[in-house]
Each structure stands twice: as C-alpha cells, then as structure tokens.
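The block underneath contains the structure these notes are about, expressed in structure tokens.
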Amino acid sequence: MQKGIIGKKIGMTQLFDEKGMVVPVTVIEAGPCVVVQKKTVESDGYQAVQLGFGEVKANRVTKPAKGHFEKAGVAPKKTLREFRFDSIEEINVGDIIKADAFAAGDKVDVCGISKGKGYAGTIKRWNNHSLKASHGTGPVARHAGSNGSTSSPSRVFKGKRLPGHLGAERVTVQNLAVVKIDAENNLIAVKGAIPGAKGGIVVLTDSVKA
1 MQKGIIGKKI GMTQLFDEKG MVVPVTVIEA GPCVVVQKKT VESDGYQAVQ LGFGEVKANR
61 VTKPAKGHFE KAGVAPKKTL REFRFDSIEE INVGDIIKAD AFAAGDKVDV CGISKGKGYA
121 GTIKRWNNHS LKASHGTGPV ARHAGSNGST SSPSRVFKGK RLPGHLGAER VTVQNLAVVK
181 IDAENNLIAV KGAIPGAKGG IVVLTDSVKA
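For the sequence shown, the numbering used here gives the first residue as 1, with consecutive numbering after it.
Okay, here's the thing in structure tokens:
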C-alpha cells in the first residue's frame, strides 16, 4: 500500500549505524495527520486523499474551511495536502496516519520549499564561471558578461541564465533512506539533507525510484 505523510523539519543531527559508522540525518516531526477528504474519479475526476496536519484555532480558519472540516468531522488543521494513491479503498475520512506508517529501511521522496536567497547573480544562481580578478578585468569579475547576439537575431534568447530570484521554490529530494522511526514522539530520521529551513513543512511519500 502506498504511504504519505505531512511533517515539519526539525533539523539535522548524526546517528550511528550497527557498524559504528556516522550517518547524517534530518529529523522530521511527521504527523499525526488526519484524513480530511477522499476524492474519487466519480465525483472529482481523479482519486486522492487529503491529509491535515498541525493544530490551529477555530477562529483562525475561514468560513469555507471551517465548513470543510465540520463536514469531515475533524478539528481544523493548519496544513492540508493531497496524496494521489493508486488505491484508497482502505482509507477513510477521520483515519489517523502516524510516523509508524513508515519503517526503517524504507526509501522516501521528500518535498518542501527551499530556502529563499533573494536576488542572486549568475555565479551563485547558475554556477557560472567568473572572470579572472586581475590583469585588466576591472570591477566586473562576477558579472554575467555578454548577453545577446549580433543584429541577427537582435534579441536575447528565452531561458538565458541571468541574475534573478534564487530559492523559495518547491524542491523534491528523491530516494532518501529512512534510518530510524520514533513512533512515540512522531519523529522520522531520514539520511541526508532535505529542502527548506527549520520549521518548514515537508511531504514524505514512497520513493518513485525505489
């Protein structure tokens, strides 16, 4: 059965495996999540389940959202995410999904919003090569350089790698191994780094490449 859960990035630390090797891990507070809605092909054109995560005061949600939660018979949740599964017959509205839905050794994909880095130049944003910093280069060692062509085509091609906004976008890291599960505290430790800052919302799903 396919699995998915919403979580919050806690931070990074180290664990030791059975061979005594250090494993860098990211700790995620995963769940508990409640099933707020089931979407079917007959009613919505596709099938998915909507999960809610994080407590929020009732007076902090809009009236439409309040009605949505009341229809499901669940308390208001701060974050809602949809998961498209091949089979949702065994999942019902009101079910609770916890961190123990996953197990150590599972491979997961983690999706989150990357750290925003503001306006960045081409070297930081696209890993462009810099010019030499001496011998007459001038104060342009980190500039983008020549931009366009000659009179033909007299324009800059779309997709040219230029300075601009870096980060703060949806990023997925694939095929990370689950190292440890702490079901009592709803914690999942995955090997390696995941997108986003501490406290950021992330989504864990079964790896599509496993």
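Even glycine gets a Cβ: it sits at the ideal position worked out from N, Cα and C.
DSSP bridge partner residues for residue i (one or two, in chain order)
{"i": "Asp95", "result": "The partner list for Asp95 (beta bridge, DSSP) is empty, contrary to what the question assumes."}
{"i": "Phe16", "result": "Val22"}
{"i": "Leu176", "result": "Val108"}
{"i": "Glu29", "result": "Lys8, Leu187"}
{"i": "Thr150", "result": "Pro153"}
{"i": "Ala48", "result": "Lys39"}
Reduced DSSP secondary structure (H/G/I, E/B, other) of residue i
{"i": "Glu55", "result": "strand"}
{"i": "Glu82", "result": "strand"}
{"i": "Leu70", "result": "The question names Leu, yet the displayed sequence has Glu at residue 70. If DSSP states are grouped into helix, strand and coil, Glu70 belongs with the helices."}
{"i": "Ile6", "result": "strand"}
{"i": "Arg60", "result": "helix"}
{"i": "Ala101", "result": "helix"}
Contact under 8 Å by Cβ, residue i with residue j
{"i": "Leu166", "j": "Lys124", "result": "yes"}
{"i": "Arg142", "j": "Ser130", "result": "yes"}
{"i": "Ile181", "j": "Lys8", "result": "no"}
{"i": "Glu89", "j": "Ala48", "result": "no"}
{"i": "Val173", "j": "Val25", "result": "no"}
{"i": "Lys78", "j": "Val56", "result": "yes"}
{"i": "Val36", "j": "Gly20", "result": "no"}
{"i": "Val41", "j": "Leu187", "result": "no"}
First through last residue of the beta strand (DSSP E) which encompasses residue i
{"i": "Val156", "result": "Neither: Val156 is in no beta strand (DSSP E) and is coded neither H nor E."}
{"i": "Val208", "result": "Taken as a continuous stretch (DSSP letters only), Val208 belongs to no beta strand (DSSP E), as it is neither H nor E."}
{"i": "Glu194", "result": "This sequence places Ile at residue 194; Glu is not what is there. Run containing Ile194: none; DSSP gives neither H nor E here."}
Boundaries of the alpha helix (DSSP H) in which residue i is found, first to last residue
{"i": "Val41", "result": "41-44"}
{"i": "Ile123", "result": "122-126"}
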